[in-house]
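Student: Before I ask anything, here is the structure I am working with.
2 protein chains.
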Amino acid sequence: MDEVLADPIDKFISLYQRDHGFNYTLEQMHGKEFGELLPEELLPSLRVYLNQKGFFRDLKVIPGAIETVEKLCEKYEVFIVSAATEFPLSLEDKQAWLADHFPFISWTNIIFCGYKIVDVDIMIDDRARNFNPKIGRHLLFTSPHNVGLTEYERVNNWAEVAEKLL
Amino acid sequence: MDEVLADPIDKFISLYQRDHGFNYTLEQMHGKEFGELLPEELLPSLRVYLNQKGFFRDLKVIPGAIETVEKLCEKYEVFIVSAATEFPLSLEDKQAWLADHFPFISWTNIIFCGYKIVDVDIMIDDRARNFNPKIGRHLLFTSPHNVGLTEYERVNNWAEVAEKLL
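As given, the protein sequences belong to chains A and E, one line each in that order. So the first sequence is numbered by full-length UniProt numbering: it starts at 1 and just counts up by one. So the second sequence is numbered by full-length UniProt numbering: it starts at 1 and just counts up by one.
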């Protein structure tokens, strides 16, 4: 979900602007995790935000996600698989967010987990650590933190997912 | 989780006793779903209970589950896979319940889902519909609703799981 369907980075930028006066830009994140931008003493605040009820409830949708996922559902059996159990208070927010923006995804096809031990044919993810050799095809969805990785089939946006899979 | 690690039937019996004066027993459920015991006009109340925040928070633990799962964790990589997204308000209760009773299960190994499309070698479940031919071994955990099924390897309790897997 995060950085593929939903945009937590945009929210981090807003929160650190509001609470600490920083004016981070997406460009500064090139090749980095958001946490790497922060002064060391503020690093723990990142997890405080992520553990707050509501953090995941109002994230912006990544452009093109809704339209493309809806079309993918006509051709494939689509599951949303989100590493969410690390932040237990994200679970209900994430499911409510999906119901708002992706109402065509049934509860039967939503998976909140830690390790993504799913039996699927194609996986779209921004984290290469979620890929596993048993999955036939991996599409690495571009996010600032993964731009340096060259060994994966990459999709830069949802239009490219549509080109490849539709 | 439900009817394997946690006991929702015991809670249903208490709630229908408290709210409707019924004295259902586990014996009456033999071969049936709990809902089949209810007069038809009360059937919708079952989902009302399941959708209430807190329903899953204080369920009793199925006897022997904690001890055996803890031992299984020494020999296997154990994942808890719960069909939970049908009742979104169960998610945080279920994770908090697991943290209380199964603190040795990391968030990385908890999966809340609809369809259980997991890539595992052995599955212990009370619902045969969750079994899939790609999984090497299925153990049907006895619950009143499944006593009539004869085509699966069955475990009647956690002592039998321990005998078979430890």
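Note that beta-carbon positions come from the ideal geometry of N, C-alpha and C, so glycine has one too. The structure presented is a predicted model; accordingly, all values stated were derived computationally and were not measured.
Among all the DSSP beta bridges, which residues are the ones paired with Ile111/A?
Tutor: Beta-bridge pairing links Ile111/A to Val81/A.
Student: Let me know the secondary structure DSSP gives Arg127/A once reduced to three states.
Tutor: DSSP places Arg127/A in coil when its eight states are reduced to three.
Student: Label Leu109/A either buried or exposed according to how many other C-beta atoms from any shown protein chain fall within 10 Å of its C-beta, with 16 as the threshold for buried.
Tutor: Reading off the sequence, residue 109/A comes out as Asn, not Leu. Burial call: buried.
Student: Would you report the Cα separation of Asp119/A and Met123/E, rounded to the nearest angstrom?
Tutor: Their backbone Cα atoms lie some 14 Å apart in a straight line.
Student: Can you name the residues that DSSP bridges to Ala6/E?
Tutor: The partner list for Ala6/E (beta bridge, DSSP) reads Asp2/E, Val61/E.
Student: Provide the residue span of the alpha helix (DSSP H) that contains His101/E, from first to last.
Tutor: Taken as a continuous stretch (DSSP letters only), the alpha helix (DSSP H) holding His101/E covers 91-101.
Student: Shortest alpha-carbon distance to Ser82/A belongs to which of Glu163/A, Leu166/A, Leu165/A, Glu3/A?
Tutor: The option with the nearest alpha carbon to Ser82/A is Glu3/A.
Student: Return yes when the Cβ of Lys94/E is within less than 8 Å of the Cβ of Phe141/E, no when it is not.
Tutor: Against a cut-off of 8 Å, the Cβ pair of Lys94/E and Phe141/E comes out as no contact.
Student: Of the residues that make up the stretch 81-93 of chain A, which ones have a beta carbon closer than 7 Å to any beta carbon in chain E?
Tutor: Flagged, chain order: Thr85, Glu86, Pro88, Leu89, Leu91, Glu92.
Student: Is it true that the CB of Leu38/A sits closer than 8 Å to the CB of Leu26/A?
Tutor: Their beta carbons are not under 8 Å apart, which means Leu26/A does not touch Leu38/A by this criterion.
Student: Please report how far the alpha carbon of Lys53/A lies from the alpha carbon of Ile117/E, in whole angstroms.
Tutor: Taking the straight line joining both Cα atoms gives about 28 Å.
Student: Tell me whether the stretch 100-107 of chain E and the stretch 69-86 of chain E touch, counting them as touching only if at least three CB pairs, one residue from each stretch, are closer than 8 Å.
Tutor: Yes, the stretch 100-107 of chain E touches the stretch 69-86 of chain E.
Student: What whole-angstrom Cβ distance do Asn157/A and Gly31/A have, given they're in contact under 8 Å?
Tutor: Incorrect: roughly 18 Å between the Cβ atoms, too far for contact.
Student: Between Gly136/A and the rest of its own chain, which residues show a CB-CB distance below 8 Å, the 5 nearest in sequence each way excluded?
Tutor: Cβ neighbours of Gly136/A beyond the five flanking positions: Asp121, Ile122.
Student: Would a check of beta-carbon distances place Gln52/A closer than 8 Å to chain E?
Tutor: It does not: the Cβ of Gln52/A has no partner Cβ on chain E nearer than 8 Å.
Student: Buried or exposed: where does His145/A fall if 16 or more other Cβ atoms within 10 Å of its Cβ makes it buried?
Tutor: By the 10 Å Cβ count, His145/A comes out buried.
Student: For Lys134/E, which residues in chain A fall below 9 Å Cβ to Cβ?
Tutor: Residues of chain A passing the Cβ test: Asp119.
Student: Please report whether the beta-carbon of Ser14/A lies at a distance below 8 Å from any beta-carbon of chain E.
Tutor: Taking Cβ atoms only, chain E never reaches closer than 8 Å to Ser14/A, which makes this a no.
Student: Could you list the residues in the stretch 99-114 of chain A with a C-beta less than 9 Å from some C-beta on chain E, going in chain order?
Tutor: Listed in sequence order: Ala99, Ser106, Trp107, Thr108, Asn109, Ile110, Ile111, Phe112, Cys113, Gly114.
Student: Tell me the rounded alpha-carbon separation between Asn130/A and Cys113/A.
Tutor: Between Asn130/A and Cys113/A, the C-alpha separation is close to 11 Å.
Student: Pop quiz: Ile80/E and Met1/E are said to be a contact at Cβ under 8 Å. What is the actual Cβ separation, rounded to whole angstroms?
Tutor: The Cβ separation is near 6 Å, so the contact holds.
Student: Exposed or buried, what is Thr150/E when buried is set at 16 or more other beta-carbons lying within 10 Å of its beta-carbon?
Tutor: That one is exposed.
Student: Sorted by chain position, which residues of the same chain lie with C-beta nearer than 8 Å to Leu15/A's C-beta, five sequence neighbours on each side aside?
Tutor: So the list reads Tyr49, once near-sequence residues are dropped.
Student: Going by other Cβ atoms of all chains shown within 10 Å of its Cβ, with 16 needed for buried, is Asp100/E buried or exposed?
Tutor: Under this definition Asp100/E is an exposed residue.
Student: Can you name the residues that DSSP bridges to Arg154/E?
Tutor: The partner list for Arg154/E (beta bridge, DSSP) reads Leu140/E.
Student: Under 7 Å Cβ-Cβ, which residues of chain E neighbour Phe79/A?
Tutor: Neighbours of Phe79/A on chain E, chain order: Ile117.
Student: What does a CB cutoff of less than 7 Å around Gln28/E pick up in its chain, not counting 5 residues either side in sequence?
Tutor: Cβ within range, chain order: Leu37.
Student: What is the rounded straight-line gap between the Cα of His20/A and the Cα of Leu89/E?
Tutor: If I take the Cα positions, the gap works out to 34 Å.
Student: Helix or strand or just coil, what does DSSP make of Val118/A?
Tutor: Strand.
Student: Need the endpoints of the alpha helix (DSSP H) that Tyr24/A sits in, please.
Tutor: Segment: none, Tyr24/A is in no alpha helix (DSSP H) and carries neither H nor E.
Student: Taking CB distances under 8 Å as the criterion, tell me whether Gln28/A reaches chain E.
Tutor: Chain E contact via Cβ: absent.
Student: So Gln95/A contacts chain E; which residues on that side make the cut at Cβ distance below 8 Å?
Tutor: Here the neighbours are Thr85, Pro88, Leu91.
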